[in-house]
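Heads up: the structure comes next, in structure tokens.
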Amino acid sequence: MTTDTSGAGPVPTAVPPRVLTVAGSDSGGGAGIQADLKAMLALGTHGMSVLTAVTAQNSLGVQGAWELPLEAIRAQFRSVVDDIGVQAVKTGMLASPAIVETVASLLTDLNAPVIVDPVGVSKHGDALLAADALDAVRTKLLPVATVATPNLDEVAQLTGVRVTAEADMPRAAAAILEFGPRWALVKGGHLRGDAVDLLTDGAEEHWLRSPRHDNRHTHGTGCTLASAIAAHLAHGMPVPEAVAAAKEYVTGAIEAGFPLGAGIGPVDHAWRWR
1 MTTDTSGAGP
11 VPTAVPPRVL
21 TVAGSDSGGG
31 AGIQADLKAM
41 LALGTHGMSV
51 LTAVTAQNSL
61 GVQGAWELPL
71 EAIRAQFRSV
81 VDDIGVQAVK
91 TGMLASPAIV
101 ETVASLLTDL
111 NAPVIVDPVG
121 VSKHGDALLA
131 ADALDAVRTK
141 LLPVATVATP
151 NLDEVAQLTG
161 VRVTAEADMP
171 RAAAAILEFG
181 PRWALVKGGH
191 LRGDAVDLLT
201 DGAEEHWLRS
211 PRHDNRHTHG
221 TGCTLASAIA
231 AHLAHGMPVP
241 EAVAAAKEYV
251 TGAIEAGFPL
261 GAGIGPVDHA
271 WRWR
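Heads up, the sequence shown is in our numbering, so the first residue is 1 and it goes up one at a time.
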């Protein structure tokens with residue numbers, strides 16, 4: 001509630017849609033929780049967080065990572081969901097089998113869309129998911145996902161399907177869908193040519209294309225895309241429209257990515273404001 005100083009009395013303040021990110025922290029601010037919250041704000045939602053891990057991270061890579069206790073993860077989730085409520089949830093770095101299983105159990109009965117970004121490695125090639133956690137992602141986390149957003153490396157990790165050309169993407173998406181998400185978004189950003197993604201629920205296909213920008217500063221792309229999808233779903237968009245709008249947003253953010261430090265800089269979450 002805000003106060004009208006003209007004397008007309010209190011003026012109701014609209015409450016923005018609420019979106020929760022369950023992910024790790026990036027101390028450099030380019031990816032993880034920090035990227036998620038920036039994207040959520042840029043797209044008109046109120047971002048909230050459940051921290052699963054703390055990383056020491058900069059433009060050169062990840063120098064260290066420390067998981068939070070399961071009790072802390074559960075407490076954060078319950079604090080937010082039970083009091084404030086959520087219209088969408090996005091998951092990111094869930095480093096261990098125990099964390100994956102804990103988060104999946106928390107999401108099982110949640111009446112809100114869930115975007116699962118099955119983060120396997122960082123932009124710099126640093127492992128962010130233990131190898132023994134892959135089975136928990138397949139059997140526990142993906143079945144609760146409204147949309148799963150793996151890149152091609154993550155598709156290969158999870159399914160064994162290796163995508164070397166656009167023609168391979170439907171087979172990859174079908175392999176992801178076998179684990180239970182309602183929609184699979186296979187991100188083809190690592191292929192040559194235009195940046196092409198495939199969104200499918202097994203019945204319909206949506207091919208999303210955008211020009212490839214010659215900019216190496218792309219840290220946080222996957223986190224940002226998943227968070228943007230969650231934000232648009234929280235606004236009430238159907239999945240295909242939410243994903244298309246998120247793709248447009250992240251494409252602009254990539255084009256405007258800027259240098260920080262001596263390595264790979266972040267995408268610009270505020271590109272529409274500048």
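All residues carry an ideal CB built from backbone N, CA and C; glycine is no exception.
What number of angstroms, rounded off, separates the C-alpha of residue i from the C-alpha of residue j?
i: D194; j: P118; result: 23 Å
i: D36; j: S227; result: 5 Å
i: T2; j: A14; result: With a pLDDT of 49 at T2, under the threshold of 50, the predicted position of this residue should be treated as unreliable, though the coordinate-derived value follows. Their backbone Cα atoms lie some 10 Å apart in a straight line.
i: L142; j: E178; result: 9 Å
i: N151; j: A95; result: 17 Å
i: G189; j: R209; result: 10 Å
i: V16; j: A136; result: Per the sequence presented here, residue 16 reads as Pro, with Val not at that position. So the alpha carbons of these two residues sit roughly 33 Å apart.
i: A130; j: L107; result: 21 Å
i: T5; j: L43; result: Confidence in T5 is poor, its pLDDT being 49 and thus under 50, which makes the residue's placement too unreliable to answer from.
i: E101; j: R138; result: 11 Å
i: G180; j: N215; result: 35 Å
i: S105; j: G85; result: 17 Å
i: M169; j: V19; result: 29 Å
i: W183; j: I33; result: 23 Å
i: G29; j: P259; result: 13 Å
i: C223; j: V62; result: 16 Å
i: E71; j: V81; result: 15 Å
i: I73; j: A145; result: 19 Å
i: E248; j: V103; result: 29 Å
i: G64; j: A31; result: 15 Å
i: V116; j: L110; result: 14 Å
i: Q57; j: H206; result: 35 Å
i: T91; j: A112; result: 13 Å
i: K38; j: E204; result: 31 Å
i: P69; j: K140; result: 19 Å
i: E241; j: T21; result: 21 Å
i: P266; j: H217; result: 5 Å
So if DSSP puts residue i in a beta bridge, which residue, or which two residues, is it bridged to?
i: S210; result: A195
i: I264; result: Paired residue(s): none; I264 is not in a bridge.
i: Q57; result: V62
i: S49; result: T21
i: W183; result: V147
i: V161; result: Paired residues: none, contrary to the question.
i: A88; result: V19
i: I115; result: K90 and V147
i: T200; result: A184 and E205
i: E67; result: A53
i: H219; result: P266
i: D26; result: T55
If we define contact as Cβ-Cβ less than 8 Å, is residue i a contact residue for chain B?
i: E204; result: The structure shown contains no chain B; it holds only a single protein chain.
Give me, in chain order, the residues of the same chain whose beta-carbon lies closer than 6 Å to that of residue i; leave out the 5 immediate sequence neighbours on both sides.
i: H213; result: I254 and E255
i: G252; result: W271
i: F77; result: V50 and L106
i: T164; result: none
i: M40; result: V19, G47, S227 and A231
i: D132; result: P97
i: L225; result: A246 and V250
Does the distance from the CB of residue i to the CB of residue j come in under 8 Å?
i: A53; j: M93; result: yes
i: L276; j: T149; result: There is no way to answer for residue 276, as the model of the chain reaches only from 1 to 274.
i: L199; j: V243; result: yes
i: V239; j: V114; result: no
i: D26; j: T55; result: yes
i: A262; j: S79; result: no
i: A234; j: A88; result: yes
i: E154; j: G120; result: yes
i: I176; j: H219; result: no
i: L134; j: L158; result: yes
Below 8 Å CB to CB, which residues in the same chain sit around residue i once its five sequence neighbours on both sides are set aside?
i: R274; result: A256 and D268
i: V161; result: V155, D168, R171, A172 and A175
i: M237; result: A245
i: E67; result: T52, A53, A95, S96 and I99
Grab me the residues of residue i's own chain with a C-beta within less than 7 Å of its C-beta, minus the 5 sequence neighbours each way, in chain order.
i: A173; result: A184, V186, L198 and T200
i: D83; result: none
i: P211; result: D194
i: E166; result: G188, L191 and V196
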